[in-house]
Structures are given as structure tokens and as C-alpha cells.
């Protein structure tokens, strides 16, 4: 009695997952290599982190020169905690 319902639910779930895969392939590109996408993303994150680190060093030096805090430098330049 429960087996036919379970089978139908599983088939519906499989169909939904296949539709999701198809949609993701359209978004990413059907022939895109997932490893290349991940590698590129990691490379971009490294570049971002290097730029952010450099900016933090400069703000630290500016704060030291002005004899204030980095927090105050952030406020002076309108930067949020997320910046």
C-alpha cells in the first residue's frame, strides 16, 4: 500500500532533481568544467584577499601617522564593517 506512493514520490523527486541539474547546466554552461569554475573562483578570492590585506595595511599606516585608530579611519572614509 505504501510502496506505490513511495515509488511515485521518489520518481517525482528524481524528476525535480534532474530539472534542477538541467537548469544549473544552463546557468553555468552545459560544457563548463566544474573544477575550472572552482579553480577560477579560488583564484579570484585570493586576489580579493591580497587587495583587502594591502588596503588594511595602508589604513593601519595612515592611522598610525594620524595617531588615531583604524576604526576612526573607517569612519572618516565612510567605510562599513563589511568593507
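In the numbering used here, the protein residues as written are 5 to 87.
Glycine included, every Cβ here is placed at the ideal spot set by N, Cα and C.
Predicted, not measured: the structure shown is a model, and the values here were computed from it.
Boundaries (first-last residue) of the alpha helix (DSSP H) holding residue 83: The count along the chain shown starts at 1 and reaches residue 83 at position 79. Here residue 83 belongs to no alpha helix (DSSP H), and DSSP marks it neither H nor E.
For residue 72, three-class secondary structure by DSSP: Mapped onto the chain shown, residue 72 falls at position 68. If DSSP states are grouped into helix, strand and coil, residue 72 belongs with coil.
Coil, strand or helix - residue 52 by DSSP: Mapped onto the chain shown, residue 52 falls at position 48. The answer is helix: DSSP assigns residue 52 an H, G or I state.
Contact the region 76-83 vs the region 58-67: 3+ CB pairs below 8 angstroms: yes
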